[in-house]
Amino acid sequence: MFFIVLMGVGVFGGIKAASRDMKLTASKYADDYNLFDVQVISTMGLTKGDAESISKVKGVAAVNPFYTIDAVVDKNNKGFVIKVISIDPSKIKNDKIYVNKPKLLEGRFPENNSECVVETKFLKDLVFSIGDTVTINLDSQNQDNIKSKKFKIVGVVETPYYISRDRGSSIVGNGQIQAFMMVPQSDFSMDAYTEIDVLVNGAKNFSTFSDKYYNFIRPVKDDLVTLGKVRSEIRYEEIKGKAQKEIDDAKRELEDKESKYNKELADAKAKLDETSAMLSNSKIELDKKQASFNEQMALNQKKIDDGKRQIAETQASISQNEIDLNNAEAEIQAKEKELNYDENIKKLNSTYDELNSSLNQLNSEINNNPSLKDQLKPKVDELNAQIASVSKQIDTLNANKQALDLNLAQLNEKRSQLESAKARLAASKDNIAKQEAALNKAKIDGQRQLNSAREQLNNVLKELSDNEKKYQDNKVEFDKQISEAKEKIASSEEKLNGLKKPSWYVLDRKSNIGYVEYGDEADRIKALGNVFPSIFFLVAALVSLTSMTRMVEERRTQMGILKALGYGKFAIMLKFVIYSSVATILGGLAGLILGFNILPRIIFNAYSMMYTLPPVITEFNIYYAVLGIVAALISTTAVTVLVCLSDLRETPASLMRLKSPMAGKRVLLEKVNFIWSRLDFMQKVTARNIFRYKKRFFMTVIGIGGCTALLLTGFGIRDSINIIVDKQFNEIFKYQMVTTFKSDASSKDIKELSATINNDKDIKESIMLNQSSVDVTKGKVKKNAFLVVTGDKEKFKDFIVLRSRTTGDKIPLTDDGVVVTEKLANMLGVRSGDYVYLNTGDGRKAKAKVIGIAKIICSIIFI
35 MFFIVLMGVG VFGGIKAASR DMKLTASKYA DDYNLFDVQV ISTMGLTKGD AESISKVKGV
95 AAVNPFYTID AVVDKNNKGF VIKVISIDPS KIKNDKIYVN KPKLLEGRFP ENNSECVVET
155 KFLKDLVFSI GDTVTINLDS QNQDNIKSKK FKIVGVVETP YYISRDRGSS IVGNGQIQAF
215 MMVPQSDFSM DAYTEIDVLV NGAKNFSTFS DKYYNFIRPV KDDLVTLGKV RSEIRYEEIK
275 GKAQKEIDDA KRELEDKESK YNKELADAKA KLDETSAMLS NSKIELDKKQ ASFNEQMALN
335 QKKIDDGKRQ IAETQASISQ NEIDLNNAEA EIQAKEKELN YDENIKKLNS TYDELNSSLN
395 QLNSEINNNP SLKDQLKPKV DELNAQIASV SKQIDTLNAN KQALDLNLAQ LNEKRSQLES
455 AKARLAASKD NIAKQEAALN KAKIDGQRQL NSAREQLNNV LKELSDNEKK YQDNKVEFDK
515 QISEAKEKIA SSEEKLNGLK KPSWYVLDRK SNIGYVEYGD EADRIKALGN VFPSIFFLVA
575 ALVSLTSMTR MVEERRTQMG ILKALGYGKF AIMLKFVIYS SVATILGGLA GLILGFNILP
635 RIIFNAYSMM YTLPPVITEF NIYYAVLGIV AALISTTAVT VLVCLSDLRE TPASLMRLKS
695 PMAGKRVLLE KVNFIWSRLD FMQKVTARNI FRYKKRFFMT VIGIGGCTAL LLTGFGIRDS
755 INIIVDKQFN EIFKYQMVTT FKSDASSKDI KELSATINND KDIKESIMLN QSSVDVTKGK
815 VKKNAFLVVT GDKEKFKDFI VLRSRTTGDK IPLTDDGVVV TEKLANMLGV RSGDYVYLNT
875 GDGRKAKAKV IGIAKIICSI IFI
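Note that the sequence shown covers residues 35 to 897 in the numbering used here.
Right, here's the structure in full:
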């Protein structure tokens with residue numbers, strides 16, 4: 035009995051206390067680090083004037099205006115979306131009521147604009163360490179909103195602003211924020227704060243999950259709503275004035291730019307025309323030079339050709355003369371050979387000398403002997419005749435020789451003339467060759483110069499063409515820029531004319547999804563405390579029934595004697611009541627001590643995987659302690675009293691006798707012979723005792739049934755949670771990827787992305803949806819939900835299956851109304867056919883008929 039009561043009261047107190055301790059821990063964490071009580075957000079940002087005005091509102095203890103921006107950090111070829119939050123490190127150290135004060139876990143706070151602190155999840159998921167440098171990437175709109183893009187991690191923090199693992203969604207990257215980073219506020223250069231968080235005087239006196247807390251801060255919220263209307267008007271005029279000034283400046287800049295560009299274009303056009311005319315003249319002049327050059331080259335070529343012809347004729351004449359000279363020389367040589375002058379002259383001279391010697395000898399003889407004169411005279415005459423004949427022959431030979439020498443001299447002279455002619459011919463050939471080489475060189479050089487001039491002219495013409503094309507391109511680009519600038523100015527004027535006044539959203543901690551979900555989780559734990567302990571209390575009652583029944587039966591004789599002696603029923607049963615009460619109270623106290631200290635820690639540690647909170651705060655809850663022990667006393671003592679009263683109704687004599695055992699009876703199973711005949715003796719006795727002792731039978735059945743119910747409940751909770759994921763994302767949401775557009779995405783951007791998706795072979799199908807956050811109202815109940823709008827109702831069925839939970843039938847989207855999810859329908863209390871009001875946040879409300887309720891766990895409206 036002690037242990038079963040310990041179990042029952044311990045589980046009851048532990049589970050009930052766990053819910054309270056969870057809320058107490060979160061509430062104290064929020065109070066210790068000054069989590070905002072009221073959050074102010076504007077559709078057009080918030081200014082320093084807004085912060086100053088908020089700080090003057092009655093009941094406001096502190097305000098914290100800060101900036102936030104979404105960025106992407108690349109790591110290991112992956113892009114992680116992070117939220118960059120501004121902090122004031124000096125105020126964190128010195129200001130005790132700094133709103134949303136981060137808790138430093140490791141390292142230190144930033145000391146300059148190039149340092150940051152991050153959460154543990156940042157280091158774990160993105161694989162960074164303290165001391166590493168993080169580079170953030172911003173979209174084109176936010177490039178100038180942060181001065182530094184590289185930060186050194188100097189510390190690790192956590193903040194009550196984020197207690198759940200969910201960091202929200204974003205319009206950059208994959209749309210899911212992975213972690214947060216905090217940097218000095220001085221590093222931001224944004225025109226307006228993202229939000230202003232407010233701390234309310236005295237709000238820490240209440241639990242953040244209690245209605246008293248929200249009722250306490252309501253007056254401040256109401257005052258801020260009133261202030262928001264005034265400040266929104268001021269902000270509207272400020273933005274409108276600034277926008278109008280920017281438009282006026284843009285117009286003036288456009289006029290100056292247009293005037294400047296028109297002048298530049300006109301100057302460029304005049305220069306192009308001048309260059310074109312100059313090039314036309316240059317082309318004509320170049321063509322003339324080319325013609326003159328060709329004419330001069332032709333004339334020079336003709337002279338060379340004439341020279342070559344003359345050389346050829348001279349060459350032929352020389353060749354003929356050379357032949358004639360050679361023939362004449364051959365003839366002279368033949369005559370010389372025939373004349374044989376040297377031999378003949380030698381013979382004649384020898385004969386002449388012999389004759390002359392003979393004559394001289396005769397004359398000498400005559401001189402010596404004149405008498406011999408007559409005798410020798412015939413011989414002398416003969417010798418004289420012979421000498422005269424020889425002399426004549428010599429003279430003839432010499433004359434012939436002279437004639438031949440003369441002819442040879444003339445021949446040599448002619449040959450010399452021929453050689454001179456040959457030399458002159460060779461010189462003429464060489465001269466003609468040089469002239470031809472010079473002509474060819476002149477042709478090449480001249481043509482090269484002309485070609486170079488023509489190439490330069492063509493290059494200049496090409497450059498002119500390029501400049502003309504560049505001029506046209508610049509003119510087109512200029513016209514495009516001017517047109518775009520005018521369109522942008524017109525669009526800005528149109529936007530300015532259609533500019534809506536900003537709205538303040540004054541929220542409380544219910545807007546922090548982490549605290550809302552955490553509170554819901556604590557309430558669910560509390561609800562479990564109404565189920566599990568009841569089974570333990572039932573088992574305790576059954577155990578008490580069995581124990582006290584046996585104890586009373588063992589004390590029947592004593593009870594009979596006491597009753598015979600005149601003791602009353604209360605006095606007799608008091609012993610048993612005290613026994614059961616003491617066991618129950620001791621077991622209950624032990625169970626409370628264990629339950630209040632162990633179960634909350636176990637449950638809290640289980641939730642610590644999803645939430646970031648300090649260690650759980652446990653306290654001894656008097657209310658649940660008394661309630662648990664009272665419930666246990668009722669379960670045990672009441673049973674004890676009933677058992678005692680049952681026996682005390684008998685007379686003393688009957689009590690003093692031993693109680694007769696229960697009469698045995700035949701059971702229905704005995705009539706089923708083929709089963710009964712196969713049972714042994716002990717099995718038959720057991721079967722009869724089941725119906726003989728019905729109290730024990732039902733106690734056993736109920737006890738085992740209760741334990742089995744606990745097991746089934748645990749497994750059922752686990753399976754119901756696991757199966758939700760599979761059904762939600764396989765049977766209902768059939769798509770695998772979501773792409774979100776920036777708020778300023780143009781129709782061109784959307785068309786380009788659609789074309790890219792449609793051309794991707796790995797993507798089977800896609801659909802365009804519009805999703806936004808809306809407030810849904812039904813009577814006095816107001817809830818926030820996602821509004822999903824589709825333009826293709828038939829195609830929508832392939833991506834999200836809307837099905838009724840009760841009938842299982844598919845719910846089609848029609849133009850008659852909207853389909854809401856079952857969760858949202860339960861929170862609003864609506865059924866099919868009811869009407870709800872949708873508020874998109876711009877002051878407009880739309881009435882919509884609920885045409886179906888879909889089996890989806892989220893709060894969504896489909897239209």
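Glycine included, C-beta positions come from ideal geometry on N, C-alpha and C.
Leaving aside the five residues that flank Thr-167 on each side, the residues in its chain whose CB is nearer than 8 Å to its CB run, in chain order, Lys-184, Phe-185, Lys-186 and Ile-187.
The C-beta distance from Ile-164 to Val-191 rounds to 12 Å, too long to meet the 8 Å contact threshold. Beta-bridge partners assigned by DSSP to Met-215: Val-118 and Val-152.
Within the DSSP bridge table, the entry for Lys-181 names no partner. The alpha-carbon separation between Lys-285 and Thr-77 amounts to approximately 27 Å.
Boundaries of the beta strand (DSSP E) harbouring Gly-886: 879 to 888, taken from the DSSP string. Leu-787 and Thr-228 have their C-alpha atoms spaced approximately 30 Å apart. Straight-line measurement puts the Cα of Asn-179 at about 5 Å from the Cα of Met-224. By the Cβ criterion, the stretch 60 to 79 is in contact with the stretch 125 to 136, since at least three pairs of Cβ atoms, one from each stretch, lie closer than 8 Å.
A straight line joining the alpha-carbon of Glu-521 with that of Phe-162 spans about 46 Å. CA-to-CA, the gap between Ile-595 and Met-690 works out to about 7 Å. Distance from the CA of Glu-329 to the CA of Ala-443, rounded to the nearest whole angstrom, comes to 51 Å. Among the bridge pairs identified by DSSP, Val-864 is matched with none. In summary, Glu-377 is exposed, with fewer than 16 beta-carbon neighbours lying within 10 Å of its beta-carbon over all protein chains present. The beta-carbon distance between Gly-825 and Met-861, rounded to whole angstroms, is 28 Å. This is too long to meet the 8 Å contact definition.
Between Ser-615 and Met-582 the beta-carbon gap is near 11 Å, outside 8 Å, which marks them as no contact. Boundaries for Thr-242: no alpha helix (DSSP H) harbours it, and the DSSP string shows neither H nor E there.
For Lys-381, the enclosing alpha helix (DSSP H) starts and ends at 375 to 402. Following the DSSP letters along the chain, one finds Asp-542 inside the beta strand (DSSP E) bounded by residues 538 to 542. Comparing alpha-carbon positions, the option among Asn-818, Lys-534, Arg-839 and Ile-845 lying closest to Lys-831 turns out to be Ile-845. In this chain, Gln-175 is not harboured by any alpha helix (DSSP H), its DSSP state being neither H nor E. If you draw a straight line from the Cα of Lys-294 to the Cα of Glu-267, it comes to about 40 Å. Within the same chain, and ignoring the five residues on either side of Lys-603 in sequence, the residues whose Cβ sits closer than 6 Å to its Cβ are Leu-682. Under the DSSP assignment, Phe-604 falls in the alpha helix (DSSP H) whose first and last residues are 603 to 641. Residue pairing by DSSP puts Glu-192 in a beta bridge opposite Lys-137. The count of Cβ pairs closer than 8 Å, one atom from the stretch 484 to 503 and one from the stretch 307 to 327, reaches three, so the stretches are in contact. Residue environment: Gln-177 is assigned as exposed (fewer than 16 neighbouring CB atoms within 10 Å of its CB, all protein chains considered). Lys-297 sits in a helix when the DSSP states are folded into three classes. If the five residues before and after Leu-530 are omitted, its C-beta is found closer than 8 Å to the C-beta atoms of Lys-274, Ala-277, Gln-278 and Ile-281, all from its own chain and listed in chain order. The three-state secondary structure of Pro-144, taken from DSSP, is coil. By the criterion of at least three beta-carbon pairs nearer than 8 Å, the stretch 47 to 59 is in contact with the stretch 642 to 650. Nearest to Ala-659 by alpha-carbon distance, out of Pro-686, Asp-122, Thr-646 and Gly-622, is Gly-622. Close CB contacts of Ser-61 within its chain, under the 8 Å cut and outside five residues either way in sequence, are with Ser-241, Thr-242 and Phe-243 (chain order). In the assembly as shown, Thr-670 is a buried residue. Its beta-carbon has 16 or more other beta-carbons within 10 Å. Residue state for Ser-204 is assigned as coil, using DSSP reduced to three classes. According to the DSSP assignment, Gln-73 belongs to the beta strand (DSSP E) that extends over 72 to 80.
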